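In terms of this note's numbering, the sequence shown is numbered consecutively and its last residue is 237.
We put the beta carbon where it would ideally sit given N, CA and C, even for glycine.
A quick note: this is a predicted structure, and the numbers were derived from the prediction, not measured.
Reading through the structure tokens given below for one structure.
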Amino acid sequence: MKIAHPSDTSPIPSITLRHVHPTRPGAPESTLTSDTHAPCRKPGAADTPALPAQQTHSRHTGGLVGFNAASPAEAVALLLSCCHSTRWAERVAAHRPYPTVDALLAAADEAGYDLSRADLDEALAAESSALPHPDAPPAARTALRAAHAAYESSFGHAFVISLDGVRPEERLDQLLAGIRSRLGNEAEEERVVAAEELRRLARARLALRVAQGLTPRHSGP
């Protein structure tokens, strides 16, 4: 889905976003593992026996088993939902079965590094610009729409960035800062940056699909 480009070239409004709540202490946003979805234990609650390793990671493994067992068309369909390059998806699907999730993600990375210009164009054409959270201030939504429009007018495709590991309350700031920073890139320089961000996005999306135990028949959003 492509966003229409405005005909004017008015500058992007300069807006500083201030969060009214303090930054949470502790480690950055957790990675996608089965452990991060465990419920918090209430104070005073009795200890419960730890699940065996095979049970703890059953959903994770189930997603990989389903992916390995899927037909070529089904596997490619799931991969295209992560990165819309046909050659990339077919290459990753062709090397099944994968013994581990890490092996699958490594193969996805390797194929991502080898995207041709045509592959990258195909993948970027299918990307859409990230939208602000509905609760974001109106001024922030306006600034982000203007920033996306300026970027697409300059480079001809949606702005792509991986925000994996960024706390939700910081993502809007990161989006705006990233667009404004990359607007100054030359076209070829930006293609290199966009290709790397797309590779990271594809890896994060694929990890999420597998961690959720989704099969190619039900690839999710």
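How would you call residue i, buried or exposed, if buried means at least 16 neighbouring beta carbons within 10 angstroms?
i, result
"Phe83", "buried"
"Val226", "buried"
"Tyr129", "exposed"
"His149", "exposed"
"Asp118", "exposed"
"Gly79", "buried"
"Ala89", "exposed"
"Ala109", "buried"
"Tyr133", "Reading off the sequence shown, one finds Arg at residue 133, where the question assumed Tyr. It counts as exposed."
Are the beta-carbon atoms of residue i and residue j separated by less than 9 Å?
i, j, result
"Leu222", "Leu121", "yes"
"Ala220", "Leu131", "no"
"Ala91", "Arg107", "no"
"His100", "Ala139", "yes"
"Ala166", "Ile195", "yes"
"His145", "Glu168", "According to the sequence displayed, residue 145 carries Ser and not His. Going by C-beta atoms, Ser145 is nearer than 9 Å to Glu168."
"His173", "Ala141", "yes"
"Leu95", "Ala85", "no"
"Phe171", "Ala203", "yes"
"Leu188", "Ala152", "yes"
"Ala159", "Leu136", "no"
"Ile177", "Glu206", "no"
"Val182", "Arg198", "no"
Where does residue i fall in DSSP's three states?
i, result
"Ser239", "This structure gives no information on residue 239, because the portion of the chain shown stretches from 17 to 237."
"Asp130", "coil"
"Arg75", "At Arg75 the pLDDT is 39, less than 50, meaning the model places this residue with poor confidence and gives no usable figure here."
"Glu186", "helix"
"Ser197", "helix"
"Ala165", "helix"
"Glu138", "helix"
"Asp125", "helix"
"Pro154", "helix"
"Gly181", "coil"
"Glu143", "coil"
"Val176", "coil"
For the alpha helix (DSSP H) containing residue i, list its first residue and its last residue.
i, result
"Pro88", "88-96"
"Glu112", "According to the sequence displayed, residue 112 carries Arg and not Glu. Careful: Arg112 lies outside any alpha helix (DSSP H) and carries neither H nor E."
"Leu241", "Because the chain spans 17 through 237 in this model, residue 241 falls outside it and cannot be assessed."
Could you check if residue i belongs to the surroundings of the ligand SAH, using beta carbon to heavy atom distance under 8 Å?
i, result
"Arg225", "The model depicted lacks the ligand SAH and carries no ligand whatsoever."
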